[in-house]
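>
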Amino acid sequence: TLVDNARVREKLKVIEMDQNEYTLDEEDQKVQKVVLKTNPCVNDSVVLKKSLSRSYPNCSLHEALTKENEKLRLELYRSQANLDVGECEVIQQLLDVTDTVAVVCQAEEESPVNYSKSTQAKYPDARQSYYDKSPKKSDTYRTASSISSRRDLLSSQGLPQSEDWHTDLLDC
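Be aware that the sequence shown starts at 23, since it is given in the numbering used here, and climbs by one per residue.
As structure tokens, this is what we get:
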């Protein structure tokens with residue numbers, strides 16, 4: 023309606039006139055550093071899981087990753103339609119980060135013997151650091167998403183609906 027449009031315009035003017043400098047809190051800075059890394063590792067996935075837990079408090083990790091991937095795919099589509107190569111690269115990096123989080127979460131549920139060779143080849147550092155430093159959390163299995171290139175998206179098949187990932191916030 024016209025009233026809503028006027029309110030939105032007023033708010034946009036206030037935002038544009040705002041000259042205050044804003045900074046990220048410590049947790050947001052950690053998340054931003056992880057997202058900007060070209061090769062995220064297992065420790066980075068913990069930071070992202072905590073961030074997703076805060077952003078999606080009533081969702082499982084799988085649901086949160088699925089929602090984020092849907093949003094990212096939509097933004098990627100829009101950026102491609104606008105031929106914005108720089109934005110497409112950033113969005114693709116974010117998709118890769120969510121893929122890595124999904125792979126690491128999968129690794130937490132698999133034993134080293136059952137860890138898929140294709141996943142090992144694509145994420146050797148994640149497997150190494152995970153199995154050297156972290157205890158195994160579960161013996162549940164799920165199918166690995168096939169990540170054959172930077173452009174592949176996370177498969178939503180076979181992911182568990184466990185709420186265990188929310189406990190990370192309580193352990194801090």
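Using N, Cα and C, we set each Cβ at its ideal position, and we do this for glycine too.
(1) Taking just the CA atoms, how far does V126 sit from A148?
(2) Report all residues from its chain with a CB closer than 7 Å to the CB of E109; omit the five preceding and five following residues, and keep chain order.
(3) Ignoring anything shorter than 4 residues, give me the alpha helix (DSSP H) runs that lie fully in the segment 71 to 134, in order along the chain.
(4) Give the single residue among E97, L96, L70 whose Cα lies nearest to the Cα of H84.
(5) Whole angstroms are fine: how far does the CA of K33 sit from the CA of V56?
(6) Under 8 Å between the Cβ atoms of T120 and L87?
(7) When you compare the CB positions of L117 and L94, do they come within less than 8 Å of one another, or not?
(8) Beta-carbon within less than 6 Å of S67's beta-carbon, same chain only, minus the 5 sequence neighbours each way: which residues are those?
(9) Would you say S75 and V53 are within 8 Å of each other, going by their C-beta atoms?
(10) Please classify H188 as buried or exposed, where buried requires at least 16 neighbouring CB atoms within 10 angstroms.
(11) Buried or exposed for N42, please, with buried defined as at least 16 other CB atoms from any protein chain shown within 10 angstroms of its CB.
(12) Figure out for me which residue from E130, E132, V112, Q128 has the closest Cα to the Cα of K59.
(13) Is A129 buried or exposed, if buried means 16 or more other CB atoms sit within 10 Å of its CB?
(14) Look at the alpha carbon of Y78 and the alpha carbon of K89, and state the distance between them as a whole number of angstroms.
(15) Going straight from the alpha carbon of I37 to that of E132, what length do you get?
(16) Helix, strand or coil: which one does DSSP assign to D50?
(17) In or out: N80 buried (at least 16 other Cβ within 10 Å) or exposed?
By the coordinates alone:
(1) Confidence at A148 is low in this model, with a pLDDT of 46, below 50, so the placement of that residue should be treated as unreliable; the coordinate-derived value is given next. If I take the Cα positions, the gap works out to 7 Å.
(2) S101
(3) 83 to 103, 107 to 131
(4) L70
(5) 32 Å
(6) yes
(7) yes
(8) V123, V126
(9) no
(10) In this prediction, H188 has a pLDDT of 48, which is less than 50 and means its spatial position is unreliable; nothing more can be read from the coordinates.
(11) exposed
(12) V112
(13) buried
(14) 9 Å
(15) 48 Å
(16) helix
(17) exposed
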